[in-house]
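Numbering (full-length UniProt numbering), first residue to last: 1 to 629.
Just so it is clear, CB atoms sit at the ideal spot from N, CA and C, and this is done for glycine as well.
Below: one structure, written as C-alpha cells.
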Amino acid sequence: MQVRRTLRTLLTPVVAVVACLATGLATQLPAVGADERRALAARFSFAVADLNQDPPQTRAVRAVQPALHHLRSWISSVGAGVAVADLDGDGLPNEACLVDPRDDSVTVLATPDRPNRFPAFALPPPGTDPTVAPTGCLTADLNEDGRLDVLVYYWGRPPLAYLRQPAAPFGPAGYRPVEVVAQPDEIWNSTTANALDIDGDGHLDLVVGNYFPDGARVLDPTARDDPRMQMQDSMSWARNGGRNRILRFTGSTSVDGLEHPGYQDVSDALTADQSGSWTLAIGGQDLDGDNLPELYVANDFGRDYLLHNRSRPGQVRFTELTGTRGADMPKSKVVGRDSFKGMGVTFSDLNHDGRPDILVSNITTPYALQESNFAFVSTGTGPIRDGLAPYRDDSQPLGLARTGWAWDIKAADFDGDGEDEIVQALGFIKGTANRWAELQELAMGNDELLRFPAAWPAFRPGDDLAGHQRNPFFVRRSDGRYVNVAEQIGFVQHGPTRGLAVSDVDHDGRPDLLVANQWYRSQFLHNTGAARPYLGLQLMLPAATPGGLPRPAVGAVVQLRQADGSVRTGQLYPSNGHTGGNSPELLFGLDDPSATVSATVTWRDAAGQHTVTRTLTPGWHTVVLTPNP
C-alpha cells in the first residue's frame with residue numbers, strides 16, 4: 001500500500017509534464033517553408049522612405065525625476081506617434097502629424113511621395129516647460145467647422161487642441177492651440193487618445209488614456225521625493241495608474257472668430273478599476289449594431305476592459321463585458337480576464353461573419369515574457385447581452401499569438417484581395433547590454449515592492465530589451481493561417497516602433513503605411529504593389545454651421561455587396577490603437593473592375609440611427625450622409 005502511494009506521488013508530476021508536452025506538440029503550428037513565404041510576399045511591394053530627418057538637438061533618453069534616473073531608459077520608451085489625414089484640404093490624405101521624442105517636437109509634414117508641397121512646421125505648446133513632452137497626436141474635426149484639427153496629448157499636462165483657423169493659410173499660423181479642460185495646470189501623463197461619438201448625439205467626444213498617476217512629475221529632474229510618483233503596483237493587476245478621462249462634447253463657443261469646442265468631464269462613467277489602469281491603447285467599434293462604439297481599453301500590467309456602450313445623448317454609460325472560459329482555455333486568454341500587457345488594439349472581420357473581431361498586442365517575446373497576443377474572434381453564439389462577450393481567442397491557430405514586444409497594431413487590405421493583412425509595431429529599448437535577466441527577476445518579485453522605483457533594477461542608455469525586433473507583416477494563407485513575410489518583403493524599421501498609421505495617400509486604391517519609431521527616424525511605406533479594382537469612401541456628415549464644410553462621419557458603418565453577392569464590411573474609427581491614427585476614410589478591394597457595388601451606410605446622430613444605400617462604381621467617392629426623407 002505504501003509503495004502504491006509512493007508511486008502515485010512520483011507519477012503525478014511526471015504525467016502532468018507529459019500531458020503538457022503532448023498538448024504543446026499537438027498545438028504547435030507546422031513550419032512554413034521559404035518558398036511559400038516568398039510566394040505570399042510576391043503580392044506586395046513598398047517603396048520605403050524616411051518620414052523625417054534627424055533634429056539638430058537630437059537625444060536618445062529623457063530627463064526624469066531623480067527617483068527614476070536609474071531606470072530612465074525604461075521611462076523613455078514611449079512618445080513616438082503619427083496620424084495622417086487631409087489637413088490642407090486638397091482632397092488627399094497625405095499630411096502627417098508626427099511626434100518625435102528626440103526633440104519633443106510635434107510636426108505637420110507632407111508624406112514623401114509628394115514631399116515639396118509645403119515646408120514642415122511645428123505645433124509647439126504654449127510656454128517652454130521642459131517637464132512637458134508630447135506623446136501622441138490625432139486628427140479630427142473637433143469644432144465641427146469642416147476643417148481637420150489636431151489633438152496633441154502629453155506627459156506633464158492635459159491635451160491641447162490645435163484648431164485650424166479658416167482665414168489663415170495652411171502652415172504654422174493656421175493653427176491655434178486651445179485648452180480642452182477647465183484646469184489646464186493639472187498634470188496628466190497620457191499615452192493614448194481617441195475621438196469618437198460615445199453618446200450618439202452626432203458630436204465627437206474624447207477618451208484619453210493615462211499611464212503614470214495624475215500629478216506625478218515624471219519628467220521633472222528637480223522633483224525629489226515626489227509623493228505622487230509610483231510605478232505600477234502589480235505586474236498583472238495594476239490599478240494605481242493615472243485616471244482615464246472621458247470628455248463629452250457640449251458645443252462650441254466663438255472666440256476671436258474661431259469656434260472653440262467645449263467638453264464636460266464625464267469620467268465617472270468608468271469604475272475606479274477601469275479608470276485607474278495603466279492604459280496604452282483605446283479602440284472603438286460597434287459590436288452590437290446600434291451605431292454606438294463599444295470601447296476596448298488595452299492596459300499594461302493587468303486586465304483589459306471591453307465596455308458595452310449603453311449611452312444615450314447627453315448620458316454616458318457602460319457595462320463591462322467578459323468572455324466565458326472553456327476547458328482548454330487559460331484564464332488570461334478570456335476577454336476581460338487577462339493579466340497581460342495590452343499595448344495596441346484594432347478590429348478586422350477575421351472569420352467573415354460580418355461581426356468585427358478584436359486584435360490586441362501584448363508582450364510576447366517567446367524566450368522571455370511568454371504571453372500571447374489576442375485574436376478575439378466572434379463565436380456566432382448570439383448578440384452581446386447579460387455582460388457576456390461572445391468572443392474566443394484564436395490567436396494560436398491563426399498564427400498570431402507570439403511576435404515580440406508589441407505596441408500598435410493595424411489591419412488593412414494592402415493587396416486589395418478582400419482579406420486584411422496585419423502589421424504590428426515591435427521593440428522596446430535598443431542597446432547592446434541584454435537586460436532580460438533583470439526584467440525576469442523584477443517580474444517574478446513581490447508586487448508589494450514593485451511600485452517603489454528604488455526596488456527596480458537599472459535600465460540605462462546602452463541596455464537592451466527586445467530592441468532589435470522586426471515589425472511583422474502578416475499575410476493570410478488559403479487555409480486561414482497568417483504567415484509573417486516581413487523579411488521577404490524587405491522592410492526593416494530603423495529602431496523600435498510605437499505608432500502605425502494607414503492611408504491611401506495618393507488615392508490610387510493601394511493603402512500606404514506610416515511608421516513612428518522611438519528614438520529613430522520614422523518611415524513611410526508607399527504601396528507600389530499591383531493595382532486592383534477598389535472602392536474608396538470619404539463618408540461625410542453635412543456642415544454643422546452656416547458657411548461650414550462637411551466633416552468625417554466617424555462611427556459610420558458600411559456593408560458593401562458586390563455583384564456576386566459577396567459582402568464586405570467596414571467601420572470608420574480612425575483613431576483606434578496606441579499612437580497611430582489612420583486617415584478618416586474606408587477602402588475596399590473589389591473583384592470586378594466594371595461592376596457596380598451596393599453600399600449600405602448606417603450612422604447615428606441625436607435623432608437616432610439612419611441608413612442609406614448607394615449604388616457606386618469602382619474608384620473614390622465622397623458621400624455626404626443625409627437621412628432619407
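Between the options, which lies nearest to residue i when the distance is taken from Cα to Cα?
i, options, result
"residue 44", "489, 622, 579", "489"
"residue 215", "52, 474, 156, 110", "156"
"residue 198", "284, 361, 594", "284"
"residue 517", "398, 467, 196", "467"
"residue 465", "74, 70, 154, 55", "74"
"residue 269", "246, 289, 288", "246"
"residue 293", "229, 604, 175", "604"
"residue 145", "134, 167, 135", "167"
"residue 609", "399, 84, 555, 487", "555"
"residue 574", "347, 421, 372, 431", "347"
"residue 176", "563, 187, 152, 186", "152"
"residue 191", "172, 159, 217, 204", "159"
Between which two residues does the alpha helix (DSSP H) carrying residue i extend?
i, result
"residue 510", "Careful: residue 510 lies outside any alpha helix (DSSP H) and carries neither H nor E."
"residue 585", "Careful: residue 585 lies outside any alpha helix (DSSP H) and carries neither H nor E."
"residue 179", "No alpha helix (DSSP H) holds residue 179; the beta strand (DSSP E) holding it covers 175-179."
"residue 274", "272-275"
"residue 489", "486-489"
"residue 646", "There is no way to answer for residue 646, as the model of the chain reaches only from 1 to 629."
"residue 186", "First-last for residue 186: undefined, no H or E at that position."
"residue 34", "34-41"
To which residues of the same chain is residue i closer than 8 Å at the C-beta, ignoring the five residues directly before and after it?
i, result
"residue 613", "598, 599, 600, 601"
"residue 26", "At residue 26 the pLDDT is 47, less than 50, meaning the model places this residue with poor confidence; the figure from the coordinates comes in the next sentence. There are no such residues."
"residue 116", "110"
"residue 130", "63, 219"
Suppose the cutoff is 7 Å on Cβ atoms and the five residues either side in sequence are ignored; what does the same chain contact list for residue i look like?
i, result
"residue 391", "323, 335, 358, 376, 377, 378, 379"
"residue 275", "243, 244, 267"
"residue 606", "201, 202, 313"
"residue 513", "423, 500, 502, 525"
"residue 626", "542"
"residue 353", "378, 380"
Got a sec? Which residues, its chain only, sit under 6 Å from residue i by beta carbon, not counting five neighbours each side?
i, result
"residue 76", "61, 62"
"residue 469", "404, 426, 427"
"residue 394", "375, 377"
"residue 351", "377"
"residue 238", "232, 278, 301, 302"
"residue 408", "344, 425, 499, 500, 577, 578, 580"
"residue 178", "161, 163, 260"
"residue 631", "Any property of residue 631 remains undetermined from this structure, which presents the chain solely from 1 to 629."
"residue 170", "88"
At which residues does the beta strand (DSSP E) containing residue i begin and terminate?
i, result
"residue 51", "No beta strand (DSSP E) holds residue 51; DSSP gives it neither H nor E."
"residue 96", "95-100"
"residue 440", "Element bounds for residue 440: not the beta strand (DSSP E) but the alpha helix (DSSP H), 436-443."
"residue 424", "421-426"
"residue 358", "357-361"
"residue 300", "294-300"
"residue 414", "It is not in any beta strand (DSSP E) - residue 414 carries neither H nor E in the DSSP assignment."
"residue 429", "Careful: residue 429 lies outside any beta strand (DSSP E) and carries neither H nor E."
"residue 205", "205-210"
"residue 559", "557-561"
DSSP state of residue i, grouped into three classes?
i, result
"residue 308", "strand"
"residue 83", "strand"
"residue 68", "helix"
"residue 18", "Its pLDDT being 46, under 50, residue 18 is placed unreliably by the model, and the measurement read from it follows with that caveat. Helix, per DSSP."
"residue 370", "coil"
"residue 401", "coil"
"residue 615", "strand"
"residue 454", "helix"
"residue 45", "coil"
"residue 627", "coil"
"residue 166", "coil"
"residue 25", "For residue 25, the predicted structure reports a pLDDT of 45, less than 50, and the residue's modelled location is therefore unreliable. A value from the coordinates is still provided. Helix."
"residue 268", "helix"
"residue 609", "strand"
"residue 522", "coil"
Chain D beta carbons: is any one of them nearer than 9 Å to that of residue i?
i, result
"residue 167", "Chain labels in this structure do not include chain D; a single protein chain is all it has."
Three or more C-beta pairs below 8 Å linking the stretch 202-211 and the stretch 269-281: Yes, since at least three Cβ pairs between the stretch 202-211 and the stretch 269-281 fall closer than 8 Å, the two stretches touch.
Three or more C-beta pairs below 8 Å linking the stretch 34-44 and the stretch 498-512: Here the stretch 34-44 makes no contact with the stretch 498-512; the two share fewer than three CB pairs at distances below 8 Å.
Stretch pair the stretch 522-539 + the stretch 617-627: three plus CB contacts closer than 8 Å: Yes, they touch.
Three or more C-beta pairs below 8 Å linking the stretch 102-113 and the stretch 123-131: The stretch 102-113, when compared against the stretch 123-131, does touch it at the 8 Å Cβ threshold.
The stretch 470-480 in contact with the stretch 431-438 per 3-pair CB rule at 8 Å: Touching, no.
Validate contact between the stretch 411-423 and the stretch 446-458 using beta carbons, cut 8 Å, 3 pairs: The answer is no - the stretch 446-458 does not touch the stretch 411-423, with fewer than three Cβ pairs under 8 Å.
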